[in-house]
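Residue numbers (the working numbering): 189 to 444.
Below: one structure, written as structure tokens.
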């Protein structure tokens, strides 16, 4: 693939992911989870808080509104470009969770939302979080359990196959349920875990199911015809007001 074609493909992939994230972020449950994460950070006005895997930067902007120096970090140039366009006054840096651009003990808060499931070694990210957090600093991890996504369907067996096939393509699909163990192993104290289930009935979330089905097809778990039939049923459900997706989220917090 030429560089131009690769750049175009990367741009399309970023736009597709942004559409899914924007749809999810606009849901009331998502806003409540973000607010809960800010509360658990125990924000100190004027202190530095890093949002790791910041994506398009919504949380960075919301944290800044709460009086802290928020810095968004993301390894994706496309995501960072979108974030800078949307929030030109905010600060963003290109970096991965395993190697943050901060000095030891230099930040008061660390937040990572829907990040750890894509990391091959989440423990490395926890070690890095411990490094950059000052003593008494707060860490908050949020994320869905990809192996436990619930979708109302006439074919539960096929639905289970698609959900698990998508999960199996991720580095750490069950990272959420592992947060407590990761934080304890990383030397954090006051570790607490909450479980929240977000229920989506808005047809806008069909884009998530398309991604699930496409991943299952690409991985060979289901054939194209079965995936298309499954998506057709979900679209009929959306048109009839019978669409439902429930996603379990874990929220873990701790003190450095």
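For each residue, glycine too, the CB sits at the ideal point set by N, CA and C.
Where does residue 385 fall in DSSP's three states? Walking along the chain shown from the start, residue 385 turns up at place 197. In the structure shown, residue 385 sits in a strand (DSSP, three-state: E or B).
Would you grab the beta carbon distance between residue 278 and residue 249 for me? Rounded to a whole angstrom, and I think it's under 8 angstroms. Residue mapping note: residue 278 aligns to position 90 of the chain shown, counting from 1. Residue mapping note: residue 249 aligns to position 61 of the chain shown, counting from 1. Yes, they are in contact, since the Cβ atoms of residue 278 and residue 249 sit about 6 angstroms apart, within 8 angstroms.
Beta-carbon separation (whole angstroms), residue 256 vs residue 233, contact threshold 8 angstroms: If you number the chain shown from 1, residue 256 lands on position 68. If you number the chain shown from 1, residue 233 lands on position 45. Rounded, the Cβ-Cβ distance is 7 angstroms, consistent with contact.
Alpha carbon to alpha carbon, how far is residue 353 from residue 281? Counting from 1 along the chain shown, the entry for residue 353 is found at position 165. Counting from 1 along the chain shown, the entry for residue 281 is found at position 93. Taking the straight line joining both Cα atoms gives about 33 angstroms.
Span separating the alpha-carbon of residue 237 from that of residue 229: In the chain shown, counting from the first residue as 1, residue 237 sits at position 49. In the chain shown, counting from the first residue as 1, residue 229 sits at position 41. Straight-line Cα distance between these residues: approximately 9 angstroms.
Taking the alpha carbon of residue 426 as the point to measure from, which residue in 372, 295 and 397 has its own alpha carbon closest? For the purposes of this step, residue 426 is identified with residue 238 of the chain shown, where counting begins at 1. When only C-alpha atoms are compared, the closest one is 397.
Taking buried to mean at least 16 other C-beta atoms within 10 Å of its own C-beta, is residue 316 buried or exposed? On the chain shown, position 128 is the one that residue 316 refers to. Under this definition residue 316 is a buried residue.
Helix, strand or coil, according to DSSP, for residue 257 in the structure here? Residue 257 sits at position 69 when you count from the first residue of the chain shown. In the structure shown, residue 257 sits in a strand (DSSP, three-state: E or B).
Between which two residues does the alpha helix (DSSP H) holding residue 310 run? Stepping through the chain shown from its first residue, residue 310 is reached at position 122. Residues 310–320.
When burial is assigned at 16 or more other CB atoms within 10 Å of the CB, is residue 219 buried or exposed? As a position in the chain shown, residue 219 is number 31, starting the count at 1. Counting other Cβ atoms within 10 Å of its Cβ, residue 219 stays below 16 and is therefore classed as exposed.
Looking at the strands, I want to know which residues DSSP matches up with residue 436. Locating residue 436 in the chain shown gives position 248, counting from the first residue. Its beta-bridge partners are 385.
Sequence-distant residues of its chain with Cβ nearer than 7 angstroms to residue 284 (five each side left out): Sequence index remark: in the chain shown, residue 284 carries index 96 (1-based). These residues qualify, in order along the chain: 263.
Does DSSP put residue 323 in a helix, in a strand, or in coil? The sequence position of residue 323 within the chain shown is 135, counting from 1. Residue 323 falls in the strand class under three-state DSSP.
Where residue 342 falls, given that 16 or more other Cβ within 10 Å makes a residue buried: Within the chain shown, the letter at position 154 stands for residue 342. With fewer than 16 Cβ atoms within 10 Å of its Cβ, residue 342 is classed as exposed.
Please classify residue 296 as buried or exposed, where buried requires at least 16 other C-beta atoms within 10 Å of its C-beta. The residue you call residue 296 lines up with position 108 of the chain shown. Residue 296 should be labelled buried.
Contact between the stretch 328–337 and the stretch 299–308 (3+ Cβ pairs under 8 angstroms): yes
In whole angstroms, give me the CA-to-CA distance for residue 386 and residue 221. Position 198 of the chain shown, counted from the first residue, corresponds to residue 386. Position 33 of the chain shown, counted from the first residue, corresponds to residue 221. Distance between the alpha carbons of residue 386 and residue 221: 9 angstroms.
When we look at the beta-carbon of residue 305 and count the other beta-carbons within 10 Å, is it buried (16 or more) or exposed? Residue numbering aside, residue 305 sits at position 117 when the chain shown is read from its first letter. Per the 10 Å Cβ criterion, buried.
Going by beta carbon distance, what residues of the same chain come within less than 6 angstroms of residue 442, once the five residues before and after it are set aside? Here residue 442 refers to the residue found at position 254 when the chain shown is read from its first residue. Here the set comprises 327, 371, 376, 378 and 379.
Whose C-beta lies closer than 7 angstroms to the C-beta of residue 436 among residues of the same chain, with five residues either side of it excluded? One-based indexing of the chain shown puts residue 436 at position 248. Cβ neighbours of residue 436 beyond the five flanking positions: 332, 333, 336, 383 and 385.
At 3 residues or longer, what runs of the beta strand (DSSP E) sit wholly inside the stretch 232–281? As for any beta strand (DSSP E) of minimum length 3 sitting wholly inside the stretch 232–281, the runs are 236–240 and 257–262, ordered along the chain.
Please state whether DSSP places residue 390 in a helix, a strand or coil. Along the chain shown, read from residue 1 onward, the residue named residue 390 stands at position 202. In the structure shown, residue 390 sits in coil (DSSP, three-state: anything other than H, G, I, E or B).
Residues that DSSP places opposite residue 298 in a beta bridge: To locate residue 298, count along the chain shown from 1; it is residue 110. According to DSSP, residue 298 bridges with 238 and 327.
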